[in-house]
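*Asks:* Got a structure for you, written out below as structure tokens; questions coming shortly.
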Ligand SMILES: CC(C)(COP(=O)(O)OP(=O)(O)OC[C@H]1O[C@@H](n2cnc3c(N)ncnc32)[C@H](O)[C@@H]1OP(=O)(O)O)[C@@H](O)C(=O)NCCC(=O)NCCS
């Protein structure tokens, strides 16, 4: 398995019960198939941002994908994200597009300045709550501090707020992005001097 596929597999297992992913892709079998989509997201981050992983490249335990902004249409095409996104089928595709569009608008509104965007972080479920999630973020957070940049992320899981607050993120908005979809917490971490 390539490092990108291995990272995609970890992210799809980590996000299997994520409220927003469950809303967009309610069918369990289809959600297991999201490994291909997360693999393409990993390729996008390799090309347009940063990928951090812990453990062996062919079997990582934790993965984080960073960029300076969400993927736009040109990046979708260039990173090979279109085919796995279209393959999700019309319902999930429409829900992903509506959610992505709404999140991107809030993102631009709340964090228009240069920053680091945490697109995804996931720890393989058997390895969660052992400190790996914080560890796989530490390098990029330190880099953001060196560069004097804030960081931004979104989560649909309230339980994650404790985790992110420990890393100095705070909630800048909470609410519904799309009618019927789970609410999101939008978080920002201020730039810090090192
Ligand atoms: C969120 C996630 C990346 C955290 O990684 P992790 O390795 O489990 O977290 P750490 O061990 O570094 O930190 C654990 C601390 O975070 C908090 N925390 C993390 N997940 C939690 C949960 N589900 N419920 C309650 N607290 C949680 C707790 O304070 C916990 O400390 P404790 O174990 O002493 O109670 C990981 O749980 C994960 O992959 N979740 C599924 C995917 C996801 O939601 N990703 C983030 C979306 S933006």
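Residue numbers (this note's numbering): 3 to 196. Note that the Cβ used here is the ideal one computed from N, Cα and C, for glycine as well. Here the structure is a predicted model, which means the values were calculated and not measured.
Cα separation between residue 5 and residue 20?
*Replies:* Roughly 23 Å between the two C-alpha positions.
*Asks:* Start and end of the alpha helix (DSSP H) containing residue 38?
*Replies:* Run containing residue 38: 36-50, per the alpha helix (DSSP H) assignment.
*Asks:* Contact between the stretch 30-48 and the stretch 70-87: three or more CB pairs below 8 Å?
*Replies:* Touching, yes.
*Asks:* So residue 25 and residue 184 are supposed to be a Cβ contact under 8 Å. How far apart are they, rounded?
*Replies:* Their Cβ separation, rounded to whole angstroms, is 6 Å, which keeps residue 25 and residue 184 in contact under 8 Å.
*Asks:* Once you ignore the five residues that flank residue 174 on each side, which residues in its own chain have a CB closer than 6 Å to its CB?
*Replies:* Cβ within range, chain order: 112, 188, 190.
*Asks:* Which stretch, first to last residue, makes up the alpha helix (DSSP H) that contains residue 87?
*Replies:* Counting along the chain, the alpha helix (DSSP H) containing residue 87 begins and ends at 84-88.
*Asks:* Could you name the residues of the same chain whose beta carbon sits closer than 6 Å to that of residue 186, not counting the 5 residues immediately before and after it, in chain order?
*Replies:* These residues qualify, in order along the chain: 156, 158, 179.
*Asks:* Do you know how far the Cα of residue 194 is from the Cα of residue 31?
*Replies:* So the two alpha carbons sit approximately 43 Å from each other.
*Asks:* Assuming the contact rule is C-beta atoms closer than 8 Å, residue 62 and residue 106 should be a hit. Round their C-beta distance to whole Å, please.
*Replies:* Not a contact, Cβ separation roughly 28 Å.
*Asks:* Apart from the five residues just before and just after residue 137, which ones in its own chain have a Cβ nearer than 8 Å to its Cβ?
*Replies:* The residues are 56, 64.
*Asks:* At what residues does the beta strand (DSSP E) containing residue 66 begin and finish?
*Replies:* Start and end: 64-69.
*Asks:* Quick test of your reading: residue 110 and residue 154, contact by CB under 8 Å. State the CB separation rounded to the nearest angstrom.
*Replies:* No, residue 110 and residue 154 are not in contact; Cβ-Cβ is about 10 Å, not under 8 Å.
*Asks:* Are residue 51 and residue 144 close, meaning C-beta to C-beta below 9 Å?
*Replies:* Cβ atoms of residue 51 and residue 144: not closer than 9 Å.
*Asks:* Taking Cβ positions, are residue 53 and residue 70 nearer each other than 9 Å?
*Replies:* Contact flag unset, no.
*Asks:* By the three-class DSSP mapping on this structure, what secondary structure does residue 2 have?
*Replies:* There is no way to answer for residue 2, as the model of the chain reaches only from 3 to 196.
*Asks:* Grab me the residues of residue 27's own chain with a C-beta within less than 6 Å of its C-beta, minus the 5 sequence neighbours each way, in chain order.
*Replies:* For residue 27, where only same-chain residues beyond five positions count, the Cβ hits under 6 Å are 33, 94.
*Asks:* Comparing the CB of residue 90 with every heavy atom of ligand 1, is any distance shorter than 8 Å?
*Replies:* Not so, every heavy atom of ligand 1 lies at least 8 Å from the Cβ.
*Asks:* Taking the beta carbon of residue 181 as the centre, do at least 16 other beta carbons fall within 10 Å, making it buried, or is it exposed?
*Replies:* Residue 181 should be labelled exposed.
*Asks:* Residue 20: beta carbon under 8 Å from a heavy atom of ligand 1?
*Replies:* Yes, the Cβ of residue 20 comes within 8 Å of a heavy atom of ligand 1.
*Asks:* Just checking my contact of residue 165 with residue 135 at CB under 8 Å: how many whole Å lie between their CB atoms?
*Replies:* Between residue 135 and residue 165 the Cβ distance is about 6 Å, and since that is below 8 Å, they are a contact.
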